[in-house]
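Undergrad: Chains as they are written, first to last, in my numbering: chain A, 1011 to 1270; chain B, 1011 to 1270.
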């Protein structure tokens, strides 16, 4: 079974997991905050259980790395699924609609397919290496911005509450505010990457992000004509926790403003 | 003609102005950045011309204050419309769907009605003083968060590119990251206020915001059970450029963390 079969399965199960999340999301309003934290855990677990069961049932030789699963299973087929059932957990718990299911697929450890589904917006982003990336069936391409000063840049912040961790990140946000058109912080790494692919953002960087947050989005950005790299501009290893993703044209300028 | 008539008109014309924006927005993709700036101006002007013409035709005695209009017309009826045809311009120019039409109504200089319409999301937020606030017909209420540390807080940044203006604002962002559950920067003041009203954000503050950005949203927040104030906690004057809007429960704690 080749990649097209896996893509069909990925988009179907992303949509079904999204429906699971949406059902939990809509019950959220009637709960107090403490109850909400439990609903999020339940929603996260229900969506992940569904995704992992479907993947194991259909592709028993494939590996699975998922947010809630403690061990990484690399499988025997060379294919490894990298799954985040709920990216944007903080938004979800606050009834904020900006969250998504993210499903990436690695072949021989390289990301080759990505599916991200935002259930409240009903937007399905998907792409396969060398076959383009799509949003609800429409081919995506990255923005045409050639200069940082005309670019809209997004980032995420770590959950850390220590001033010494936050200060250098805010210093970089200030460099963006001084040098770019605008700064956005939306709360979902997977959707930030989709928005770069769709040309809604010109770039996104984050310095504390997990493989399941970016495995899918990385393929989408690259297939839409963009570039993903480490913060030094080298190859982006999704297991190293840092990423710079852009329309490619502003990539060098962005890295030089942020990190040099 | 009383307030209900004006509400019916406001929601109809907000929807129609939103359709104008959406048409321009969808042509955006085929343009380079330079052309995009022109489309935004055209879209902004077309939506504002439509709104102002409809208001003047139906309520010739009312005043109108609109973003693109240079003079403020306070009219003779005691009613003044405060109109932003396109809030979230930077998002719009970047093909980012997070933007809205905002229509507020003042009676004897007090905001008494607000309508905000997000055309891509097709979400209509509206409210009238003492009659509640609604999102697509469903009654809204602010979140139940009682502590800043469990709250999601949004803000906006000024367009200023000077370090001495940005530094104190980023210092406040750091206080939020240290003390709250999360920080969001979405790029539309009107929608940030709607999201506070809808309980998707627990609070929002901004220190460089215009009357037309907040006239509508202020009514929505208050009608959904929230509170709007100056940064000192006094009455919010929409012509003074600063606002703190919250679910009311975290209001004092937020002000004290941000400004004291």
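Cβ atoms here follow ideal geometry from the backbone N, Cα and C, with glycine treated the same way.
Can you give me, in chain order, the residues of the segment 1194-1226 of chain B that have a beta carbon less than 9 Å from any beta carbon in chain A?
TA: Cβ contacts with chain A come from 1194, 1195, 1196, 1197, 1205, 1208, 1209, 1210, 1211, 1212.
Undergrad: Report buried or exposed for residue 1015 of chain B, applying the criterion of at least 16 other Cβ atoms within 10 angstroms of its Cβ.
TA: Residue 1015 of chain B sits at position 5 when you count from the first residue of the second chain. Exposed.
Undergrad: Can you check whether the CB of residue 1030 of chain B is closer than 7 Å to the CB of residue 1056 of chain B?
TA: Position 46 of the second chain holds residue 1056 of chain B. Position 20 of the second chain holds residue 1030 of chain B. Result yes, Cβ atoms of residue 1056 of chain B and residue 1030 of chain B sit closer than 7 Å.
Undergrad: Please report the residue range of the alpha helix (DSSP H) in which residue 1204 of chain B lies.
TA: Numbered from its first residue, the second chain carries residue 1204 of chain B at position 194. First-last of the alpha helix (DSSP H) with residue 1204 of chain B: 1199-1207.
Undergrad: What residue does the beta strand (DSSP E) around residue 1162 of chain A start on, and which one ends it?
TA: Position 152 of the first chain, counting from 1, holds the residue named residue 1162 of chain A. Note, residue 1162 of chain A: beta strand (DSSP E), 1162-1165.
Undergrad: Residues of chain B with a CB under 8 Å from the CB of residue 1183 of chain A: which are they?
TA: The residue given as residue 1183 of chain A occupies position 173 in the first chain. The answer, in chain order, is 1180, 1183.
Undergrad: Under 7 Å Cβ-Cβ, which residues of chain A neighbour residue 1191 of chain B?
TA: By 1-based counting over the second chain, the position of residue 1191 of chain B is 181. By Cβ distance, chain A contributes 1100.
Undergrad: Count the other C-beta atoms from every protein chain shown that fall within 10 angstroms of the C-beta of residue 1209 of chain A, then say buried if there are 16 or more, exposed otherwise.
TA: On the first chain, position 199 is the one that residue 1209 of chain A refers to. Counting Cβ neighbours within 10 Å, residue 1209 of chain A comes out buried, since at least 16 surround it.
Undergrad: Name the residue from B/1267, B/1182, B/1190, B/1162 whose alpha carbon lies nearest to the alpha carbon of residue 1206 of chain B.
TA: Here residue 1206 of chain B refers to the residue found at position 196 when the second chain is read from its first residue. Considering only alpha carbons, the answer is B/1162.
Undergrad: Which of helix, strand or coil does DSSP assign to residue 1070 of chain A?
TA: Here the question's residue 1070 of chain A lines up with position 60 in the first chain. Looking at residue 1070 of chain A - three-state DSSP - the assignment turns out to be coil, as it is neither helix nor strand.
Undergrad: Judging by CA-CA distance, which residue of A/1118, A/1101, A/1102, A/1091 is the nearest neighbour of residue 1112 of chain A?
TA: One-based indexing of the first chain puts residue 1112 of chain A at position 102. Selected option, being the one with the closest Cα: A/1091.
Undergrad: Who are residue 1114 of chain A's beta bridge partners in DSSP?
TA: Against the first chain, residue 1114 of chain A aligns to sequence position 104. In the DSSP output, where bridge partners are listed per residue, residue 1114 of chain A has A/1092, A/1124.
Undergrad: In whole angstroms, what is the alpha-carbon distance linking residue 1176 of chain B and residue 1191 of chain A?
TA: Counting from one through the second chain, the residue named residue 1176 of chain B turns up at place 166. Counting from one through the first chain, the residue named residue 1191 of chain A turns up at place 181. Cα to Cα, residue 1176 of chain B sits roughly 14 Å from residue 1191 of chain A.
Undergrad: Which residue marks the beginning of the alpha helix (DSSP H) containing residue 1022 of chain B, and which one marks its end?
TA: By 1-based counting over the second chain, the position of residue 1022 of chain B is 12. 1013-1037 is the span of the alpha helix (DSSP H), which, as asked, contains residue 1022 of chain B.
Undergrad: Within this structure, are the beta carbons of residue 1200 of chain B and residue 1235 of chain B separated by less than 7 Å?
TA: In the second chain, the residue the question calls residue 1200 of chain B occupies position 190. In the second chain, the residue the question calls residue 1235 of chain B occupies position 225. No, they are not a contact pair.
Undergrad: Decide if the segment 1152-1159 of chain A is in contact with the segment 1131-1142 of chain B; the criterion is three or more beta carbon pairs, one per stretch, under 8 Å apart.
TA: Verdict: no, contact absent.
Undergrad: Out of A/1233, A/1259, A/1269, which one is the CA nearest neighbour of residue 1159 of chain A?
TA: As a first step, residue 1159 of chain A must be located in the first chain, where it is residue number 149. For residue 1159 of chain A, the nearest C-alpha among the options comes from A/1259.
Undergrad: Taking only beta-carbon atoms, is residue 1167 of chain B less than 7 Å away from chain A?
TA: Locating residue 1167 of chain B in the second chain gives position 157, counting from the first residue. Chain A contact via Cβ: present.
Undergrad: Name the chain A residues that come within less than 7 Å of residue 1171 of chain B, Cβ to Cβ?
TA: Taking the first residue of the second chain as position 1, residue 1171 of chain B is located at position 161. Under the 7 Å cutoff, chain A gives 1188.
Undergrad: Throw me the rounded Cβ distance for the residue 1013 of chain B and residue 1034 of chain B pair, which I believe falls under 8 Å.
TA: As a first step, residue 1013 of chain B must be located in the second chain, where it is residue number 3. As a first step, residue 1034 of chain B must be located in the second chain, where it is residue number 24. At roughly 31 Å, the Cβ-Cβ gap does not stay under 8 Å, so residue 1013 of chain B and residue 1034 of chain B are not in contact.
Undergrad: For the alpha helix (DSSP H) that residue 1269 of chain B lies in, which residues bound it at each end?
TA: For the purposes of this step, residue 1269 of chain B is taken as the residue at position 259 of the second chain. First-last of the alpha helix (DSSP H) with residue 1269 of chain B: 1261-1269.
Undergrad: So which residues on chain A does residue 1160 of chain B lean against when the C-beta distance must stay under 7 Å?
TA: Residue mapping note: residue 1160 of chain B aligns to position 150 of the second chain, counting from 1. Here the neighbours are 1043.
Undergrad: Report the CB separation of residue 1116 of chain A from residue 1225 of chain A in whole angstroms; it is logged as a contact under 8 Å.
TA: Your numbering for residue 1116 of chain A matches position 106 in the first chain. Your numbering for residue 1225 of chain A matches position 215 in the first chain. Residue 1116 of chain A to residue 1225 of chain A, Cβ: 7 Å. Contact.
Undergrad: Whether or not the segment 1057-1071 of chain B and the segment 1015-1027 of chain B are in contact is what I'm after, with contact meaning three or more pairs of Cβ atoms, one per stretch, closer than 8 Å; do they touch?
TA: These segments touch.
Undergrad: Less than 8 Å between the CB atoms is what I'm expecting for residue 1189 of chain A and residue 1126 of chain A, so what's the real figure, rounded?
TA: The residue you call residue 1189 of chain A lines up with position 179 of the first chain. The residue you call residue 1126 of chain A lines up with position 116 of the first chain. That pair is no contact at about 29 Å.
Undergrad: With DSSP run on the structure shown, which of helix, strand or coil describes residue 1231 of chain B?
TA: Here residue 1231 of chain B is taken as the residue at index 221 of the second chain, counted from 1. Here residue 1231 of chain B sits in helix by DSSP.
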